[in-house]
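J.: Residue numbers (our numbering): 8 to 112.
No residue lacks a Cβ here, since even glycine has one placed at the ideal position from N, Cα and C.
Take this structure, written in structure tokens, and hold onto it; I'll ask about it next.
Structure (structure tokens):
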């Protein structure tokens, strides 16, 4: 059995309001990709122009295939136009999960 793959992308945007809307459209697009499990979108608390995406894929192969597809998919054109710089993009596999009784927002 393959391990799920977490993709972490941190990037700067030109206009947070435009980027937010464009990212939501991209989320709708990627939801149909093979191996897609979830995408949680974050915005920095203290830097309006800094976004982070946490995407969960079935496995690393699905994540890599999606990365190739994204570059050609018209559903990503608007968000790509709003990106002002990539801080990091990496793939991870879980080592250990610890949870609390509290529920996150």
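1. For residue 59, which three-state DSSP category applies?
2. Buried or exposed: where does residue 89 fall if 16 or more other Cβ atoms within 10 Å of its Cβ makes it buried?
3. In chain order, what residues of the same chain lie with their CB nearer than 7 Å to the CB of residue 44, ignoring the 5 residues before and after it?
4. Residue ranges of each alpha helix (DSSP H) run of no fewer than 4 residues wholly in the segment 52 to 101, ordered along the chain?
5. Can residue 91 and residue 20 be called in contact, C-beta distance under 7 Å?
6. Helix, strand or coil for residue 36? Go by DSSP, reduced to three states.
7. Looking at the secondary structure, which residues open and close the beta strand (DSSP E) in which residue 109 lies?
8. Between residue 46 and the rest of its own chain, which residues show a CB-CB distance below 8 Å, the 5 nearest in sequence each way excluded?
9. Buried or exposed: residue 103, going by 16 or more other Cβ atoms within 10 Å of its Cβ?
T.: Considering the structure as presented:
1. strand
2. buried
3. 11, 63, 64 and 65
4. 67 to 77 and 84 to 89
5. Yes, they are a contact pair.
6. helix
7. It is not in any beta strand (DSSP E) - residue 109 carries neither H nor E in the DSSP assignment.
8. Answer for residue 46: 34, 37, 38, 60, 61, 62 and 63, listed in chain order.
9. exposed
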